[in-house]
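Taking it in order: structure first as structure tokens, then the write-up.
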Amino acid sequence: MSDERFPGWHGTTILAVRRGAEVVMAGDGQVSVGQTVMKGTARKVRRLSPGGRDVVVGFAGSTADAFTLLERLEKKLESAPGQLQRACVELAKDWRTDKYLRNLEAMLIVTDGAQLYVVTGAGDVLEPEHDVAAIGSGGNYALAAARALSDGDIDAEAIARRAMAIAAEICVYTNGNLTVERISAS
């Protein structure tokens, strides 16, 4: 994502793949400014455990903005334990209507292993088709690769790793330093 205040900032590719009762989320580690890689080992996929229930979240965009959203999501999940969809919808509503939150520049992929959502500041809470979701600079490349690989018999992690490798070969804002989290439906 790019921001007018910081022109040329680009960051990350996040991919989530569901196979059966398991979701694997992978995120690369690259943060670029123009043609320069500022950091190659950023960690943009996190496991949260609000109320003792695991949720995996990946973010693209401004890190500070994403952490603000992660904190809000945790609070929503604590007030509605086990209700990921409700928490995501409430977060998206706040994000779209709150004067402060409205200016945050990030996108999230959120999963509890059973449900998988892309949450945006436009008020979207999207459940992806074909059990694959991707965001960020190389998101479209990773999405296309993962959907093509999903036709085979390989597991979710192998699909995610190979799709991210393909995205890294095509997108200059994506690298191969992956953070991978796996979560199963409970």
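Under my numbering, the first residue of the sequence shown is numbered 931, with each subsequent residue one higher. Don't be surprised by glycine CBs; every beta carbon is placed ideally from N, CA and C. All values reported here derive from a predicted model rather than from experimental measurement.
Per DSSP, the beta bridge partners of TYR1047 are VAL1040. The shortest C-alpha to C-alpha distance from ALA990 to any of GLY981, ARG973, ASP1054 and ALA1052 is the one to ARG973. Contact annotation: VAL987 and LEU1046 have beta-carbon atoms that are not nearer than 7 Å. DSSP places GLU1111 inside the beta strand (DSSP E), whose first and last residues are 1109 to 1114. Judged by DSSP secondary structure, THR993 falls within the alpha helix (DSSP H) whose first and last residues are 993 to 1009. In terms of Cα proximity to THR1041, the closest of ARG948, LEU999 and ARG1092 is ARG948.
ALA1097: member of the alpha helix (DSSP H) spanning 1086 to 1100, first to last residue. Listed in chain order, the non-local C-beta contacts of THR998 below 7 Å within the same chain comprise LEU1034, local neighbours out to five positions each way being set aside. The criterion of a C-beta distance shorter than 7 Å is not satisfied by VAL975 and THR1104. Judged by beta-carbon spacing, ALA1063 lies beyond the 7 Å limit of ILE1096, meaning their Cβ atoms are not closer than that value. Where GLU952 is concerned, the enclosing beta strand (DSSP E) starts and stops at 952 to 957. Looking at the DSSP output, LYS969 shares a beta bridge with VAL961.
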